[in-house]
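K.L.:
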Amino acid sequence: MKIYPAVDILGGKAVRLYKGDYSKKTDYGDPVEAAMRLKELGAEYLHIVDLDGAKSGDTPNLSIISEIASKTGIFVEVGGGIRTIETVEKYLSNGLSRIIIGTAAVTDRDFLCKAVSLYGDKIAVGADILNGSVRISGWLSDSGLSIEDFMRDMQAVGVKTVICTDISRDGALKGTNIALYEKLCQDFPAIQIVASGGVTALEEITELKKVGVSGAIIGKAYYTGLIDIVKAIEVAR
Numbered sequence: 006m007k008i009y010p011a012v013d014i015l016g017g018k019a020v021r022l023y024k025g026d027y028s029k030k031t032d033y034g035d036p037v038e039a040a041m042r043l044k045e046l047g048a049e050y051l052h053i054v055d056l057d058g059a060k061s062g063d064t065p066n067l068s069i070i071s072e073i074a075s076k077t078g079i080f081v082e083v084g085g086g087i088r089t090i091e092t093v094e095k096y097l098s099n100g101l102s103r104i105i106i107g108t109a110a111v112t113d114r115d116f117l118c119k120a121v122s123l124y125g126d127k128i129a130v131g132a133d134i135l136n137g138s139v140r141i142s143g144w145l146s147d148s149g150l151s152i153e154d155f156m157r158d159m160q161a162v163g164v165k166t167v168i169c170t171d172i173s174r175d176g177a178l179k180g181t182n183i184a185l186y187e188k189l190c191q192d193f194p195a196i197q198i199v200a201s202g203g204v205t206a207l208e209e210i211t212e213l214k215k216v217g218v219s220g221a222i223i224g225k226a227y228y229t230g231l232i233d234i235v236k237a238i239e240v241a242r
C-alpha cells in the first residue's frame, strides 16, 4: 500500500481545510518546502490539490506545483479544477505523474473518456463523498449520484484509480471510514481505491491495508504530529 502525504495549495500557501470549508483553513507555509520535507522523510508519492484551481477551473498554482515535481523528483499527482485536455497536457508536460479529475468526471463524461483513452493510468478520478452521495464543485454541490452508481460508471469508462474522500472525516481528525473503503474494494475489485479523509492513526493504515486499498492520503494528521510519516510508510509496506 502506498502513502500519499497531501499538500493542499491555496493562495500560494500549503494549507489544510476543515471538512472542505475554505473559511476554516490552517496555513502551513511554503508548499515547496513542505514537499521537500516530506521527501526527506522518505515519501515516494505526493498528493497535491490546487484549491484555487478547484474554484476557478484554471491552473493558478502551476509554477509551484511544477517546482514540487521537479525538485522532489518523486511521483506527484495533482487535482483541483482539471476540466480540459489542455490542462491535463499542461500538467503532464510539467513533470506531474498523475492527473486527478474530479467535478468534470461527473459533468463532462466526454472529456473523461478522452483523457482516459489518451493517458490511461495517468488519469485518476476523485470521488468526494458526503452521506453516500458524490459532491462536486469543490464539495459545494450534490451531483445527485450515489457513490455506487458513480463507481459503476467509472468502471465502464476504464478508470483505473479512484481517490475516495469522505468529506465528513476530512481534516476533522476523527478517524477514517474503514467500512466505506472495505465495501468499495469488495464491490469494485478492478479499480484501485485510494482512501482519503480522516486518517489519524497508524492502526488505521493497518486496517486500510487489510481491506485492500491501494493507497492512503495523509494530510492534517501529519501536519499536527498525530502521524509520523516515516512510521506510516513502514506500516503501509
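The opening residue of the sequence shown carries number 6 in the working numbering; numbering runs sequentially from there.
Cβ atoms here follow ideal geometry from the backbone N, Cα and C, with glycine treated the same way.
With 16 as the cutoff for other CB atoms within 10 Å, does residue 13 come out buried or exposed?
P.N.:
Along the sequence shown, one-based indexing puts residue 13 at 8. That one is buried.
K.L.:
Please state whether the Cβ-Cβ distance between residue 105 and residue 86 is less than 7 Å.
P.N.:
The residue given as residue 105 occupies position 100 in the sequence shown. The residue given as residue 86 occupies position 81 in the sequence shown. Not closer than 7 Å, so no.
K.L.:
What does DSSP give as the partner residue(s) for residue 82 in the beta ladder?
P.N.:
Residue numbering aside, residue 82 sits at position 77 when the sequence shown is read from its first letter. According to DSSP, residue pairing for residue 82 in a beta bridge involves 52, 103.
K.L.:
Using CA coordinates, which residue listed in 206, 11, 20 is at the minimum distance from residue 29?
P.N.:
For the purposes of this step, residue 29 is taken as the residue at position 24 of the sequence shown. Of 206, 11, 20, the residue nearest in Cα terms is 20.
K.L.:
Would you mind listing the beta strand (DSSP E) stretches within the region 144-229 that are 3+ residues and don't spill past its ends, in chain order?
P.N.:
146-151, 166-171, 197-201, 220-223
K.L.:
Would residue 40 and residue 64 be called neighbours here (beta carbons separated by less than 7 Å)?
P.N.:
By one-based count along the sequence shown, residue 40 stands at place 35. By one-based count along the sequence shown, residue 64 stands at place 59. No; because the gap between Cβ atoms is not below 7 Å, this pair is not in contact.
K.L.:
What three-state label does DSSP hand residue 115 in the structure shown?
P.N.:
Taking the first residue of the sequence shown as position 1, residue 115 is located at position 110. In the three-state DSSP reduction, residue 115 falls in the helix class (H, G or I).
K.L.:
Please look up how many angstroms separate the CB atoms of residue 10 and residue 227, rounded, as I've assumed it's under 8 Å.
P.N.:
Within the sequence shown, numbered from 1, the residue matching residue 10 stands at position 5. Within the sequence shown, numbered from 1, the residue matching residue 227 stands at position 222. The pair is a contact, with the Cβ atoms about 6 Å apart (cut-off 8 Å).
K.L.:
Pick helix, strand or coil for residue 242, following the three-state DSSP scheme.
P.N.:
Counting from one through the sequence shown, the residue named residue 242 turns up at place 237. Coil.
K.L.:
With a 10 Å radius around its C-beta and 16 neighbouring C-beta atoms as the bar for buried, classify residue 103 as buried or exposed.
P.N.:
As a working mapping, residue 103 is identified with position 98 in the sequence shown. So residue 103 ends up on the buried side.
K.L.:
For the candidate residues 125, 199, 99, 95, whose alpha-carbon lies nearest to that of residue 132?
P.N.:
On the sequence shown, residue 132 is found 127 positions in, with the first residue counted as 1. Looking at the Cα atoms, 199 is the closest of the given residues.
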